[in-house]
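For reference, the structure is listed below as structure tokens.
There are 2 protein chains.
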Amino acid sequence: MNAEIIAVGSELLLGQIANTNAQFLSAQLAELGINVYFHTVVGDNADRLEKAVKVAQTRANLIIFTGGLGPTKDDLTKETIARLLQRELVIDKEALHSIEAYFARTGRTMTENNKKQALVLQGSTVFRNEHGMAPGMAMTVGAITYMLLPGPPKEMQPMFSKYGRPFLMEKLDRHERIESRVLRFFGIGESQLETEIEDLIEQQSNPTIAPLAGDGEVTLRLTAKHHSEIEAKKLLDQTEQAILTRVGRYFYGYNDDTLFKNTVKLLKEKKKTVAAAESLTGGLFLTELTAIPGASQVVRGGVVCYTNEVKEKVLHVPASVLATDGAVSERCAKLLAENVRALCGADIGISFTGVAGPDPLEGKSVGTVYIGISTSENETAVHALALSGPRDAIRTRTAKYGCSIILKKLAAACL
Amino acid sequence: MNAEIIAVGSELLLGQIANTNAQFLSAQLAELGINVYFHTVVGDNADRLEKAVKVAQTRANLIIFTGGLGPTKDDLTKETIARLLQRELVIDKEALHSIEAYFARTGRTMTENNKKQALVLQGSTVFRNEHGMAPGMAMTVGAITYMLLPGPPKEMQPMFSKYGRPFLMEKLDRHERIESRVLRFFGIGESQLETEIEDLIEQQSNPTIAPLAGDGEVTLRLTAKHHSEIEAKKLLDQTEQAILTRVGRYFYGYNDDTLFKNTVKLLKEKKKTVAAAESLTGGLFLTELTAIPGASQVVRGGVVCYTNEVKEKVLHVPASVLATDGAVSERCAKLLAENVRALCGADIGISFTGVAGPDPLEGKSVGTVYIGISTSENETAVHALALSGPRDAIRTRTAKYGCSIILKKLAAACL
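Those protein sequence lines, which keep their order, are chains A and B.
Here UniProt numbering is used: the first residue of the first sequence is 1, the next is one more, and so on.
Here UniProt numbering is used: the first residue of the second sequence is 1, the next is one more, and so on.
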């Protein structure tokens, strides 16, 4: 199967957004062993879209469209494909119901143009949109399979994963299995990780090993092919074992794991609760934890102590400590962790104080960070970090460090 | 001039990176008033690249290539264009010198294939690469202008700005100015906004009006052309005026403004401070405000009151209120806002309580949200919302609503 991905949307041609949909779908199709030979971007214009489809029909037998399924006159992907394939557009009742329900629920008035979103190509397999209104669809006409997906990544990605990918796998009816697994690391740089497993990367053929760095983390994607799923997984297991023998201390999870998800998960398993005192992170640590459904079982809450007054009044850090050691100090971090644990009645109290930048603070340079961790049965520990990068990166990495500290404490069963 | 941007590189088709080069160039060309009608991505394969160029020649008179100018056998953009245009590739002496100098400077051995990088199309205008080795180039053959730029954004962007853009401006010989302006709206859906200004959109020609929705916001990009910059701006002003007469109550800013940036900015201007009690948002509101440098002047801090115990113990919501009205209630929101303002010593106290989902809470459905706002001189107000969407969207929109409420209060000068 040779694929072309056509993104429809003038905002892409104006440079307002990058075509991250093509990136996502390309990575997904690569995993399925489908060759992607072309990406095309075209604006909200019926003639030019028609031209682009005709070109794609000469060079691909799978054409995936993103965008142009919305309610406005500008949205014309379905209409153009229907005309080219000489198919009718028909109302999908389930989609219409869910659009009407959406408007009823939000108390907003449903304008007539919203009904257009429920139109689908007659005879197509309809993909429900669980994160928006416009459904997706797929159908094979002659030798070519057409798949239409919505433009917003938040709608497109889950729809493709849940409906588009299984549709293609059935279509492929493949006997060779492709198994892949992502190993996630924190606290080690990409070049150091690569150096430590250089010989493994050089010997790689099956599985292949592909490193990728981003957001202070490094991942390794292992991909194995075998006609037996069990054998493919065995190949992955062996390579994973060889890698973790070298760099296992930086490893924290697989695939879609995140430090935040794993922290919530392990807290639940160990039946422990957490509270946080956040200065430089401004609430980021708790925001990330509470973004995970079910976090309420383990997150008690916390204090965003952005000013010294709040550190003193709400978290009882003595004015003398703030005056002598300063807010960015080991002593302050220790007290914040201990006191937020007591205040919120949690098993674990964690604190973040430091300099996110752009300017130094209290004579301490940007990237100076203290993380305090206080547990019911142990002494409080303080970790001092010297981070670099812009404000956002420092804040994010600090919050992630907090998770890695909690994960290590919980795993070591010292709680 | 109608442009097509062709990115060459298999890493794009494997989904390893997004085509940010096309985004950058599209925004640049839009500023110059050059229409971009298509983007194409093709791999490091001579046959498919040739096909892509032949398609582009039928629909564009400016074709900009990014990537494929490096030293390896995979890099074949120049070679393919030379063959198609029947031009020779010749060594550019200045480029060769600078490549040799680079290797001498770094003490590395220059392999033979690096010389390939100094080859350029005979008769082309050569663009020096001040951030890498491979030069860029441009030439017009018949009615079509070809421009070749390197793939790494760090090399491509400065090269385009310094050499590519002036080359095009001279080519255009344009006296016409292009001015554009983005208007940002919150609290109104895309289809409702379009319905309210439908006639303006339909009449559009100069300026053009392009709507875009995302993250609970809608933007309108106005673009005007005129030989006088002042007149172009006047055209924008008139259209802006006509739009704001209709939907001004949802308007909050221009261009790169965000609700969070504008909230910090207006708080600074009015010399007011804010504190927040965050239940369903889990710290998101304060995280977003403190992401902005200088937020420490206006953000006092706050409490993430994720559990009823923290609401009761830290923010003094009486157990009776939590038992009768519940945590997700107008009364609770009111008390949280008042008490967090007092606790943190801020001018404005804001509170967020509600159901982010995925499950209902206290018999209240997902998306039920109360935002309390307490100011020094006024009664406390509570806004009740019924939002929809996934957990993340509800949290984000709730935090943004908080900003819009604060912005309105500050603008109304009732503080």
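Glycine is no exception: its CB is placed at the ideal position from the N, C-alpha and C atoms.
Alpha helix (DSSP H) segment containing residue i, residue limits
i, result
"S320(B)", "A319 to T324"
"T109(A)", "Here T109(A) belongs to no alpha helix (DSSP H), and DSSP marks it neither H nor E."
"R395(A)", "R391 to A411"
"L12(A)", "S10 to L13"
"S26(A)", "T20 to E31"
"T195(A)", "E190 to E196"
"M156(A)", "P153 to M159"
"R83(B)", "T77 to L85"
"R128(B)", "Careful: R128(B) lies outside any alpha helix (DSSP H) and carries neither H nor E."
"E330(A)", "E330 to C344"
"N35(B)", "That residue, N35(B), is in no alpha helix (DSSP H); its beta strand (DSSP E) goes N35 to V42."
"L266(A)", "L259 to E269"
Interface residues of chain B facing residue i [CB-CB closer than 7 Å]
i, result
"C332(A)", "None at all; the shortest Cβ gap to chain B is about 14 Å."
"L244(A)", "By Cβ distance, chain B contributes nothing, its closest Cβ being about 24 Å from L244(A), past 7 Å."
"R128(A)", "Going along chain B, no residue has its Cβ under 7 Å from R128(A), so there is no contact; the nearest lies around 14 Å."
Element boundaries [beta strand (DSSP E), containing residue i]
i, result
"A381(A)", "A381 to A386"
"T368(A)", "T368 to T375"
"P293(A)", "Note, P293(A): premise wrong, no beta strand (DSSP E); not H, not E."
"V314(B)", "Run containing V314(B): none; DSSP gives neither H nor E here."
"A232(B)", "That residue, A232(B), is in no beta strand (DSSP E); its alpha helix (DSSP H) goes E229 to V247."
"P166(B)", "Looking at the DSSP string, P166(B) is not in any beta strand (DSSP E); the run it does join, the alpha helix (DSSP H), is R165 to L172."
"A275(B)", "V274 to E278"
Interface flag, residue i vs chain A, CB-CB below 8 Å
i, result
"H39(B)", "yes"
"I17(B)", "yes"
"P207(B)", "no"
"residue 434(B)", "This structure does not reach residue 434(B), given that chain B is present from 1 up to 415, and the question cannot be answered."
"S26(B)", "yes"
"Q117(B)", "no"
"V55(B)", "yes"
"V310(B)", "yes"
"L13(B)", "yes"
"V328(B)", "no"
"Q23(B)", "yes"
Cβ-based burial, residue i [other Cβ within 10 Å; buried from 16]
i, result
"A3(A)", "buried"
"M169(A)", "exposed"
"T40(B)", "buried"
"R397(B)", "buried"
"E379(A)", "exposed"
"L13(A)", "buried"
"I91(A)", "exposed"
"P207(A)", "buried"
Whole-angstrom C-beta distance between residue j and residue i, which should lie under 8 Å
i, j, result
"I63(B)", "I6(B)", "6 Å"
"I201(B)", "R246(B)", "About 11 Å; that fails the 8 Å criterion."
"Y306(A)", "G372(B)", "That pair is no contact at about 20 Å."
"F352(A)", "E278(A)", "5 Å"
"L286(A)", "V299(B)", "Going by Cβ atoms, the distance from L286(A) to V299(B) rounds to 15 Å, so no, they are not a contact pair."
"Q122(A)", "E88(A)", "4 Å"
"V310(B)", "C344(A)", "5 Å"
"L235(A)", "A224(A)", "4 Å"
"L84(B)", "V42(B)", "L84(B) to V42(B), Cβ: 14 Å. No contact."
"P358(A)", "R391(A)", "6 Å"
Neighbour flag for residue i against chain B, beta carbons, 8 Å
i, result
"Y252(A)", "no"
"N113(A)", "yes"
"T106(A)", "yes"
"S180(A)", "no"
"P150(A)", "no"
"P211(A)", "no"
"V247(A)", "no"
"Y102(A)", "yes"
"S191(A)", "no"
"S365(A)", "no"
"G33(A)", "no"
Residue i: contacting residues in chain B (beta-carbon distance under 9 Å)
i, result
"H131(A)", "G389, P390 and A393"
"R48(A)", "Y37, F38 and R59"
Chain-ordered chain B contacts of residue i [CB-CB under 8 Å]
i, result
"A52(A)", "F38"
"G354(A)", "Ordered by position in chain B, no residue passes the 8 Å Cβ test against G354(A), which lies about 13 Å from the chain."
Interface partners of residue i on chain A, CB under 7 Å
i, result
"Y306(B)", "T290, S296, V299, R300 and G301"
Distance cut-off 7 Å: residue i Cβ against heavy atoms of the ligand ATP
i, result
"L84(B)", "Among the ligands in the structure shown, none appear at all, so the ligand ATP cannot be discussed."
9 Å Cβ cut-off: residues of chain A touching residue i
i, result
"L343(B)", "V310, K313 and V314"
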